[in-house]
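When you line the sequence shown up against the UniProt record's numbering, it's residues 1 to 274, in that order.
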Amino acid sequence: MDSISVTLQKYQYQIFAYRHTFQNRVRQLSNVLIPHIKLAVIRQGECSATIQGQTFHAGPADLFLIPPYLLHSAQFITDSLETYELLFQVSGLFNQEQWLTLFHHQLWFQQLIDEPTFNLIRYCFDNAEKQTAGYVLGLQHLISQLTVMMLKEDPNSFASSRADSAMLSTAEKFLYELEKSNEALSVQDYCDRLHVSQSYLCRCTLAVIQLSPQSLIIQHRLYRSLTLLADPDLSVRQISEQLHYLHPSYFSKQFKATFSLTPNEYRNLYYRKP
Numbered sequence: 001m002d003s004i005s006v007t008l009q010k011y012q013y014q015i016f017a018y019r020h021t022f023q024n025r026v027r028q029l030s031n032v033l034i035p036h037i038k039l040a041v042i043r044q045g046e047c048s049a050t051i052q053g054q055t056f057h058a059g060p061a062d063l064f065l066i067p068p069y070l071l072h073s074a075q076f077i078t079d080s081l082e083t084y085e086l087l088f089q090v091s092g093l094f095n096q097e098q099w100l101t102l103f104h105h106q107l108w109f110q111q112l113i114d115e116p117t118f119n120l121i122r123y124c125f126d127n128a129e130k131q132t133a134g135y136v137l138g139l140q141h142l143i144s145q146l147t148v149m150m151l152k153e154d155p156n157s158f159a160s161s162r163a164d165s166a167m168l169s170t171a172e173k174f175l176y177e178l179e180k181s182n183e184a185l186s187v188q189d190y191c192d193r194l195h196v197s198q199s200y201l202c203r204c205t206l207a208v209i210q211l212s213p214q215s216l217i218i219q220h221r222l223y224r225s226l227t228l229l230a231d232p233d234l235s236v237r238q239i240s241e242q243l244h245y246l247h248p249s250y251f252s253k254q255f256k257a258t259f260s261l262t263p264n265e266y267r268n269l270y271y272r273k274p
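Below is the structure:
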């Protein structure tokens with residue numbers, strides 16, 4: 001078993017949705033923002049896909065890896081488009097952040113899927129649509145296979161992303177403290193709890209998750225805000241106060257920089273009344 005397969009053994013995948021679609025009328029898929037990881041494979045057709053402001057001209061055998069909460073849309077180039085999509089999470093917040101880091105923010109994998117892999121995808125999706133016994137395990141195995149293929153695109157990058165056990169432990173403890181706290185804590189406050197220096201904590205999170213502690217604190221606040229925006233009785237100002245922002249305008253600025261929408265635009269798009 002190679003080093004990539006060994007590393008991936010610890011990850012478990014929770015399936016939320018699977019879709020095999022063949023669309024020949026819809027010319028554009030509007031802005032989409034979901035809380036799950038999406039793997040999208042193009043079987044036939046071409047499209048111009050935009051993910052968080054980056055545009056890709058994609059075609060058959062291409063794969064997209066779209067992390068949670070990244071705004072994305074697609075404009076058809078050909079008359080039809082056939083795709084396979086999997087929506088899932090990696091069990092455990094730390095594991096998911098670490099899994100996503102393995103790909104160094106790469107979103108588009110060109111010509112990745114060969115014919116044997118397409119046959120495996122078709123087999124797994126057919127079983128899922130028929131609710132055949134064991135179909136969930138089949139989809140989880142498929143994610144593992146696609147993950148290996150993506151990582152083998154650049155094995156040197158994979159090798160350079162690994163951190164030692166002490167750094168992994170520190171990064172995991174920091175994320176745990178971040179998740180359980182609703183206080184307005186600074187990076188130094190977390191360092192005091194973990195008994196480490198700011199420079200060491202920064203080295204740990206950058207090595208393991210490719211984000212600084214401050215960036216992770218901001219990300220955590222913004223992800224919490226998505227839940228709070230579902231409450232129509234809370235104003236943007238009240239939400240920003242709950243998240244310990246001094247000024248609502250700064251909260252709105254960070255929100256738009258992350259999700260490409262203002263808080264009110266997000267609320268109107270995803271939580272509007274029918």
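Note that beta-carbon positions come from the ideal geometry of N, C-alpha and C, so glycine has one too.
Spatial neighbours of Leu234 within its chain, please: CB distance less than 7 Å, with the 5 preceding and 5 following residues excluded, ordered by chain position. Mapped onto the sequence shown, residue 234 falls at position 234. If we look at Leu234 and ignore the five residues flanking it on each side, its Cβ neighbours are Leu228.
**Request:** Have a look at the DSSP bridge pairing and note the partners of Lys38.
**Result:** In the sequence shown, counting from the first residue as 1, residue 38 sits at position 38. BP columns for Lys38 point to Ile66 and Leu87.
Residue span of the alpha helix (DSSP H) that contains His220, given as start and end: In the sequence shown, counting from the first residue as 1, residue 220 sits at position 220. Looking at the DSSP string, the run of the alpha helix (DSSP H) that includes His220 is Pro213 to Leu228.
Going by C-alpha distance, which of Ala207, Leu100, Leu175 and Lys38 is nearest Leu216? One-based indexing of the sequence shown puts residue 216 at position 216. The shortest C-alpha separation from Leu216 is found at Leu175.
Do Tyr13 and Ile121 count as a contact pair if the criterion is CB distance below 9 Å?
As a first step, residue 121 must be located in the sequence shown, where it is residue number 121. As a first step, residue 13 must be located in the sequence shown, where it is residue number 13. Cβ atoms of Ile121 and Tyr13: not closer than 9 Å.
- Tell whether a beta-carbon distance below 9 Å holds between Leu81 and Ile42. Translated into the one-based positions of the sequence shown, residue 81 becomes position 81. Translated into the one-based positions of the sequence shown, residue 42 becomes position 42. Yes; because the gap between Cβ atoms is below 9 Å, this pair is in contact.
Self-check item: Every unbroken alpha helix (DSSP H) within the stretch 89-140, with a cutoff of 4 residues, ordered by chain
Solution: 93-101 and 115-129
Quick check: the stretch 233-250 against the stretch 122-141, are there 3 or more CB pairs under 8 Å?
no
Give the secondary structure of Ser5 by DSSP, where H, G and I count as helix, E and B as strand, and everything else as coil. Position 5 of the sequence shown, counting from 1, holds the residue named residue 5. Ser5: helix per DSSP, three-state reduction.
Quick check: Glu85 and Ala17, are their CB atoms within less than 9 Å of each other? Position 85 of the sequence shown holds residue 85. Position 17 of the sequence shown holds residue 17. Yes, the Cβ-Cβ distance between Glu85 and Ala17 is below 9 Å.
Are His141 and Leu178 touching if we call contact CB-CB under 9 Å? As a working mapping, residue 141 is identified with position 141 in the sequence shown. As a working mapping, residue 178 is identified with position 178 in the sequence shown. For His141 and Leu178, no; Cβs fall outside 9 Å.
**Limits of the alpha helix (DSSP H) - the one that Tyr190 falls within** = As a working mapping, residue 190 is identified with position 190 in the sequence shown. Val187 to Leu194 is the extent of the alpha helix (DSSP H) around Tyr190.
- Between the beta-carbon of Asp62 and the beta-carbon of Asn24, is there less than 9 Å? For the purposes of this step, residue 62 is taken as residue 62 along the sequence shown, with counting starting at 1. For the purposes of this step, residue 24 is taken as residue 24 along the sequence shown, with counting starting at 1. No, they are not a contact pair.
- Report the rounded CA-to-CA distance for Asp189 versus Leu139, giving the unit in angstroms. One-based indexing of the sequence shown puts residue 189 at position 189. One-based indexing of the sequence shown puts residue 139 at position 139. Roughly 42 Å between the two C-alpha positions.
For Leu222, I'd like the list of residues in its chain whose CB is within less than 7 Å of its CB, leaving aside the five on either flank, ordered along the chain.
Translated into the one-based positions of the sequence shown, residue 222 becomes position 222. Closer than 7 Å at Cβ, skipping near neighbours: Gln254, Phe255 and Thr258.
Residue closest to Pro68, alpha-carbon to alpha-carbon, out of Tyr266, His36 and Ser252
Locating residue 68 in the sequence shown gives position 68, counting from the first residue. Ranking the options by Cα distance to Pro68, first place goes to His36.
*asked:* I need the straight-line Cα distance from Ser5 to Gln145, nearest angstrom please.
replied: Taking the sequence shown and counting its residues from 1, one reaches residue 5 at position 5. Taking the sequence shown and counting its residues from 1, one reaches residue 145 at position 145. So the alpha carbons of these two residues sit roughly 9 Å apart.
Quick one: grab the DSSP three-state call for Leu33.
Your numbering for residue 33 matches position 33 in the sequence shown. The answer is coil: DSSP assigns Leu33 none of H, G, I, E or B.
(Q) Can you tell me whether Glu183 is helix, strand or coil according to DSSP? (A) On the sequence shown, position 183 is the one that residue 183 refers to. Here Glu183 sits in coil by DSSP.
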